[in-house]
RNA sequence: GCGCCCGUAGCUCAGUCAGGAUAGAGCAGCGGUUUCCUAAACCGCAGGCCGGAGGUUCGAGUCCUCCCGGGCGCACCA
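Residue numbers (my numbering): 79 to 623.
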């Protein structure tokens with residue numbers, strides 16, 4: 079980022095000499111190393127504007143930049159302008175990174191505005207599965223990225239504790255309870271078959287005895303309450319193990335009690351967005367290009383999930399969030415269209431709600447590969463996976479692919495503790511640096527002393543300079559990753575580690591006289607970025623392993 | 001049938017939003033080196049009609065159209 083700023087300043091000055099204003103979006107990219115550190119193709123658009131060939135313009139720019147203190151080489155090749163920075167410029171960049179220390183990477187794009195990330199929001203009908211794990215990791219990391227960018231972030235879980243699915247769950251649990259009492263009770267059709275209800279049924283049988291011989295109204299109420307309570311405890315345990323914390327839990331029941339659903343429906347009606355047919359209330363979605371009109375209010379007068387969801391988002395807006403991000407699975411695509419449309423018709427600002435949609439997870443190399451279904455009881459619990467592989471590995475693997483791609487979770491690779499495993503590859507880099515600093519501290523001398531006032535000009539190794547250039551990208555990577563692309567942060571950290579490990583193997587740090595403090599300063603910068611990056615991912619940065 | 005997403009090296013994937021210079025990485029494969037401040041290495045080689053066909057452009061993995069293949073959805077479930 080510092081490098082881009084320097085290049086932009088220099089190029090803009092050179093452009094002025096040619097009598098051209100610097101475009102606001104001056105194209106700058108990091109080309110293949112043999113072309114230099116930064117490259118601009120600004121001569122191509124200018125060629126049209128000035129009616130001259132790109133190469134001619136690029137050459138003139140290069141001439142204007144000759145002798146600039148920041149650049150060791152300025153070349154015009156085929157219309158591209160390639161810049162190579164001097165080591166001195168890079169040393170200044172490192173100096174500034176070290177000055178910023180723990181704040182490096184933090185930016186104020188959010189300006190303290192309120193943002194909400196809603197994720198997981200799994201119905202309390204069973205434990206979290208591997209699929210929820212992807213969502214939990216994604217939501218948590220996106221939240222962390224946005225707080226890094228200066229937003230005030232609320233992590234929220236929407237708890238759907240009403241409705242037919244909960245009734246089915248209650249009845250399924252009741253069946254397990256009767257079974258525990260020695261009866262032949264069947265799980266209801268479409269009910270929850272999973273083993274996880276068995277121990278709970280047994281426990282209830284012990285506590286309640288024969289109090290609920292029939293699944294009547296009293297039983298329904300009691301078993302709903304028991305089931306939701308127990309399921310939430312399971313979910314909370316797994317979230318805790320995964321290191322995910324929510325600031326706010328919103329229950330569907332609360333929205334009803336506050337009259338929000340009625341109110342939102344009225345507003346939609348008033349704006350002519352609804353109509354009645356067959357005793358139900360429908361949203362006029364097809365008028366706006368969607369493929370079907372969904373029901374908002376059933377003919378029995380109860381609101382559908384969609385209706386409640388719309389009301390919920392209106393509530394989010396009233397609560398003062400400037401932006402709301404919902405992390406959801408690809409199976410909710412249609413619902414998302416409908417909610418967005420409804421919010422538009424209600425006059426909420428465009429772009430208030432954004433969905434981070436992710437595809438599903440398949441687990442490769444472990445028992446239980448088949449398609450997961452909570453209802454059928456075929457699934458792998460997130461908690462089990464965390465216990466087997468550790469929180470760090472599971473979190474990292476879950477965000478390592480872009481959300482819209484199907485994720486194949488490679489269990490064999492995840493199990494490895496060698497550096498083949500990308501998580502360890504990154505963590506070991508941090509650990510190795512920590513160990514060097516430990517050693518430096520032991521050997522007394524001035525090696526371990528502070529890095530301010532260190533002569534960085536002794537950093538001349540290509541690997542050292544490459545590391546600095548890479549460290550410079552960190553703030554920009556955070557911005558890119560925040561656009562629902564946390565995998566870019568993983569890729570970046572792996573890149574840093576891939577520069578560091580060979581360097582470490584080849585170049586000795588301690589006991590190298592004047593070079594030692596300079597190298598320690600560089601390692602401090604590398605460690606800083608690794609630590610901050612891992613922290614955003616919610617992955618530990620161990621000092622020893 | 002309609003809608004959304006995906007199709008890049010043997011495998012898992014970056015790169016597609018903002019079109020640019022010989023398409024990148026990891027794993028697996030092959031060949032070397034090393035055990036040092038260190039947690040379990042380092043270096044190199046090989047591997048690709050970027051699903052297919054058209055089009056736009058000086059230039060397409062990237063944009064447009066069509067087709068093929070895979071996933072998901074198309075409920076008065078959530």
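Every residue, glycine too, gets a C-beta built ideally from N, C-alpha and C.
query: Please classify residue 354: does DSSP put it in a helix, a strand, or coil?; result: strand
query: Return the chain-ordered ranges of every alpha helix (DSSP H) run that is complete within the region 306 to 346 and spans a minimum of 4 residues.; result: 330 to 335
query: First and last residue of the alpha helix (DSSP H) that includes residue 569?; result: 565 to 584
query: Please go through the same chain and pick out, in chain order, the residues whose beta-carbon is closer than 6 Å to the beta-carbon of residue 368, but skip the five residues on each side of it.; result: 415
query: For residue 378, count neighbouring Cβ atoms within 10 angstroms of its own Cβ and tell me buried if that reaches 16, exposed if not.; result: exposed
query: In angstroms, rounded to a whole number, what distance separates the CA positions of residue 256 and residue 283?; result: 7 Å
query: Tell whether a beta-carbon distance below 8 Å holds between residue 556 and residue 604.; result: no
query: Return the CA-CA distance between residue 537 and residue 543, expressed in angstroms with no decimal places.; result: 7 Å
query: Since residue 485 is in the beta strand (DSSP E), which residue starts that stretch and which ends it?; result: 485 to 488
query: Does the Cβ of residue 189 have 16 or more other Cβ atoms within 10 Å, making it buried, or fewer, making it exposed?; result: exposed
query: If you draw a straight line from the alpha carbon of residue 293 to that of residue 245, how long is it in whole angstroms?; result: 11 Å
query: Run through DSSP, which three-state label would residue 511 get?; result: helix
query: Roughly how many whole angstroms lie between the Cα atoms of residue 337 and residue 348?; result: 17 Å
query: Roughly how far, in whole angstroms, is the beta-carbon of residue 609 from the beta-carbon of residue 599, given that I think they are within contact range, below 8 Å?; result: So it is not a contact: roughly 16 Å between Cβ atoms.
query: If you measure between the beta carbons of residue 413 and residue 374, is that distance less than 8 Å?; result: no
query: Who are the near neighbours of residue 581 in its chain, counting only those whose CB is closer than 8 Å to its CB and skipping five residues on each side?; result: 539, 541, 542 and 545
query: Given residue 114, which residues of its chain have a CB within under 6 Å of its CB, disregarding the five upstream and five downstream residues?; result: 160, 161 and 162
query: Between which two residues does the beta strand (DSSP E) harbouring residue 609 extend?; result: Looking at the DSSP string, residue 609 is not in any beta strand (DSSP E); the run it does join, the alpha helix (DSSP H), is 593 to 615.
query: Just to confirm, is the Cβ distance from residue 273 to residue 461 under 8 Å?; result: no
query: Could you spell out the range, first to last residue, of the beta strand (DSSP E) harbouring residue 401?; result: 401 to 407
query: If you reduce the DSSP assignment to three classes, tell me which class residue 439 lands in.; result: strand
query: Do you know whose CA, among 286, 473 and 583, lies nearest residue 439's CA?; result: 473
query: DSSP puts residue 232 in a beta bridge; with which residues?; result: 194
query: Locate the beta strand (DSSP E) running through residue 162, then write down its first and last residues.; result: 158 to 163
query: Name the one or two DSSP bridge partners that residue 480 has.; result: According to DSSP, residue 480 bridges with nothing at all.
query: With a CB to CB cut of under 7 Å and the five nearest residues on each side skipped, what residues in its chain are close to residue 176?; result: 529, 599, 602 and 603
query: If you count every other CB in all the chains shown that lies within 10 Å of the CB of residue 277, and 16 or more means buried, which is it?; result: exposed
query: By how many angstroms is the C-alpha of residue 564 removed from the C-alpha of residue 231?; result: 17 Å
query: With the cut-off set at 8 Å, would you say residue 156 and residue 122 are in Cβ contact?; result: no
query: Specify the secondary structure class of residue 136 as computed by DSSP and reduced to three states.; result: helix
query: Please report how far the alpha carbon of residue 614 lies from the alpha carbon of residue 298, in whole angstroms.; result: 43 Å
query: To the nearest angstrom, how far is it from the Cα of residue 182 to the Cα of residue 306?; result: 43 Å
query: Leaving out five residues on either side along the sequence, give the residues of the same chain with a beta carbon under 8 Å from the beta carbon of residue 488.; result: 442, 443 and 475
query: Assuming residue 395 is part of the alpha helix (DSSP H), what are its boundary residues?; result: 383 to 396
query: Determine, using beta-carbon pairs with one atom in the region 422 to 437 and one in the region 397 to 414, whether at least three such pairs fall under 8 Å.; result: yes
query: By DSSP's criteria, residue 107 is part of a beta bridge. Which residues make up the other side?; result: 117
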